[in-house]
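Student:
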Amino acid sequence: MKNLRIYIALLAAGCIVASCEKDITVDLPDVEKKVVVDGAIFEGEKAYVALTYSFPFFQDFGNLDFNDPAQLSEFLVLDAVVTLSDGVQTETLNLGLDTTKFPPLLYMGNTITGQVGNTYTLTVVAKGRTYTAQTSIRPPVSLDSLRWLPEPNKDSLGACRLFFQEPPTPGNIYRLFAKRQGYNAYKPVPGNSVIDDQAYNGQYIQFPFSRPEPVSSAFQSGNFDDPERFFWKKGDTISVLFCTIDVSAYEYIRTLELSAGTSGNPFSNPSTVKSNVTGGALGGFVGYGKYFTQVVAQ
58 MKNLRIYIAL LAAGCIVASC EKDITVDLPD VEKKVVVDGA IFEGEKAYVA LTYSFPFFQD
118 FGNLDFNDPA QLSEFLVLDA VVTLSDGVQT ETLNLGLDTT KFPPLLYMGN TITGQVGNTY
178 TLTVVAKGRT YTAQTSIRPP VSLDSLRWLP EPNKDSLGAC RLFFQEPPTP GNIYRLFAKR
238 QGYNAYKPVP GNSVIDDQAY NGQYIQFPFS RPEPVSSAFQ SGNFDDPERF FWKKGDTISV
298 LFCTIDVSAY EYIRTLELSA GTSGNPFSNP STVKSNVTGG ALGGFVGYGK YFTQVVAQ
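In the numbering used here, the protein residues as written are 58 to 355.
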């Protein structure tokens, strides 16, 4: 009888709490749209720059229609003047289409090619404001080997490792891109794609890496139900770009990937992406020295 009374009391309390619940709508304040710069220049290649506007945290842009001019103008900066200088010559980047990148509408260079040892200054004039960024291309570091290692109890699936001798001079920073056959472009490897030599200077290093998703943005999710997700498969042709970057690029990419990795975690600390763009814009401009190699997983 006593237990019955306790049960009835708890049930009544639950009903009272439930009856007090109501939906609350919170009006979030509007924030100023900022220009976001996402640019790069690789050794031996022309520069490219994506210019977008910042958007509210809860805004869904996964279904953005690139054939709708009204939607495009809300997301992309299409009327900017973008110039690039290598200290000797200056060129204006033109708006063009590259479907291997996101967004596919980019400002692309025509003349200046990335050279090791050069410093590049990017200038963006948009909506009456001027933004600048500077980056350099560091000498590339070669890899000794690239190996595929089968994963226990995973049939034909495995991981990949790269091996290299880290130079004795301190301050080297690397970023790893990879792809397999069927990918339309190189993608940063999952998780942390950048590594500095602070703890490994002058040592012989082996670095494991997973297969990147075949998507174009750090904030786009892949197929979570794919049993082969992140694994390299026996028979894959694994192609790698082992790139060197400077310190400002490292801080930008490191904090960008940290933000992307924790954006869905309600218990994570807020993270700020460190930009190397001045003038009030977000984002970064990165120069890459590069070393290419590939291996067939077998």
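Positions of the beta carbon are idealized from the N, C-alpha and C atoms, including for glycine.
#1: To which residues of the same chain is Lys290 closer than 7 Å at the C-beta, ignoring the five residues directly before and after it?
#2: Could you say if the region 123–135 and the region 171–180 meet the contact criterion of at least three C-beta pairs nearer than 8 Å?
#3: Per DSSP, Phe266 forms a beta bridge with which residues?
#4: Please confirm whether Ala137 and Val93 have their CB atoms less than 9 Å apart.
#5: Buried or exposed, going by whether 16 or more other CB atoms sit within 10 Å of the CB of Phe342?
#6: Going by beta-carbon coordinates alone, are Asp143 and Tyr105 separated by less than 9 Å?
#7: Going by alpha carbons, who is nearest to Asp254 out of Phe299, Gly292, Pro227 and Pro161?
#8: Does Leu244 pass the burial test, meaning 16 or more other C-beta atoms within 10 Å, or should it be called exposed?
#9: Report the option in Pro160, Ala97, Gly318 and Leu313 whose CA atom is closest to the CA atom of Ala190.
#10: For the putative contact between Pro224 and Gly346, defined by C-beta atoms under 8 Å, what is the C-beta separation to the nearest angstrom?
#11: For the ligand MN, is there a heavy atom less than 8 Å away from the beta-carbon of Val106?
#12: With DSSP as the reference, identify every bridge partner of Thr187, one or two as the case may be.
#13: Taking 9 Å as the threshold (C-beta atoms), are Thr192 and Gly101 in contact?
#14: Could you tell me the boundaries of the alpha helix (DSSP H) in which Leu129 lies?
#15: Just verifying my parser: in three-state terms, what is the DSSP assignment at Ile302?
#16: Across which residues does DSSP place Gln433 in a beta bridge pair?
#17: How far does the beta strand (DSSP E) with Gln351 in it extend, from its first residue to its last?
#18: Return helix, strand or coil for Gly336, following the three-state DSSP convention.
#19: Which residues mark the beginning and the end of the beta strand (DSSP E) in which Ala107 is found?
#20: State the DSSP-derived secondary structure class of Glu100, mapped to helix, strand or coil.
#21: In the DSSP assignment, the beta strand (DSSP E) including Ala235 goes from what residue to what residue?
#22: On the three-state DSSP scale, how would you describe Ser296?
#23: Can you tell me which residues form a DSSP beta bridge with Pro207?
#24: Classify Leu206 as buried or exposed, calling it buried when 16 or more other Cβ atoms lie within 10 Å of its own Cβ.
#25: What is the DSSP secondary structure of Gly174, reduced to helix, strand or coil?
#26: When DSSP labels each residue in this structure, what does Ile149 get in the three-state scheme?
#27: Which residue or residues does DSSP assign as beta-bridge partners of Thr140?
#28: Sorted by chain position, which residues of the same chain lie with C-beta nearer than 6 Å to Ile310's C-beta, five sequence neighbours on each side aside?
#29: Taking a contact to mean a Cβ-Cβ separation below 9 Å, would you say Leu298 touches Ala256 in this structure?
#30: Using alpha carbons as the reference points, say which of Gly292, Ser296 and Arg268 lies closest to Asp283.
Tutor: In short, the structure shows the following:
#1: Cβ neighbours of Lys290 beyond the five flanking positions: Ser213, Leu214 and Ala354.
#2: They do not touch, by the three-pair rule.
#3: Partner residues in the beta bridge of Phe266, as assigned by DSSP, are Cys217.
#4: No, the pair does not count as a contact, with Cβ atoms beyond the cut-off.
#5: Taking a 10 Å sphere around the C-beta of Phe342, we find 16 or more other C-beta atoms and assign the residue as buried.
#6: Not in contact: Asp143 and Tyr105 (Cβ atoms no closer than 9 Å).
#7: Closest by C-alpha distance to Asp254, out of Phe299, Gly292, Pro227 and Pro161, is Pro227.
#8: Per the sequence presented here, residue 244 reads as Lys, with Leu not at that position. Classification for Lys244: buried.
#9: Ala190 has its Cα closest to that of Ala97, out of Pro160, Ala97, Gly318 and Leu313.
#10: Actually they are not in contact, since the Cβ atoms of Pro224 and Gly346 sit about 12 Å apart, beyond 8 Å.
#11: Ligands in the displayed structure: none, and consequently the ligand MN is not present.
#12: Answer is Val182, bridged to Thr187.
#13: Their beta carbons are not under 9 Å apart, which means Gly101 does not touch Thr192 by this criterion.
#14: Residues Pro126 to Phe132.
#15: Residue state, collapsed to three classes: coil.
#16: Nothing about residue 433 can be reported from this structure: the residues present for the chain run from 58 to 355 only.
#17: Residues Leu339 to Val353.
#18: Judged by DSSP in its simplified three-state form, Gly336 adopts coil rather than helix or strand.
#19: Per DSSP, Ala107 belongs to the beta strand (DSSP E) from Lys103 to Tyr110.
#20: Per DSSP, reduced to three states, the secondary structure at Glu100 is strand.
#21: Element bounds for Ala235: Ile230 to Arg237.
#22: Ser296 falls in the strand class under three-state DSSP.
#23: According to DSSP, which records beta bridges pairwise, Pro207 is partnered with Gly215.
#24: Within 10 angstroms of the beta-carbon of Leu206 lie fewer than 16 other beta-carbons, which makes it exposed.
#25: The three-state reading of DSSP puts Gly174 in coil, since its state is none of H, G, I, E or B.
#26: Note that residue 149 is Thr in the sequence shown, not Ile. If DSSP states are grouped into helix, strand and coil, Thr149 belongs with the strands.
#27: Checking the DSSP bridge columns, you'll see Thr140 partnered with Thr149 and Thr180.
#28: Within the same chain, Val251 come within 6 Å of Ile310 by CB-CB distance, once the 5 residues on both sides are set aside.
#29: It is not a contact, given that the beta carbons lie outside the stated cut-off.
#30: Between Asp283 and the set Gly292, Ser296 and Arg268, the nearest pair of CA atoms involves Arg268.
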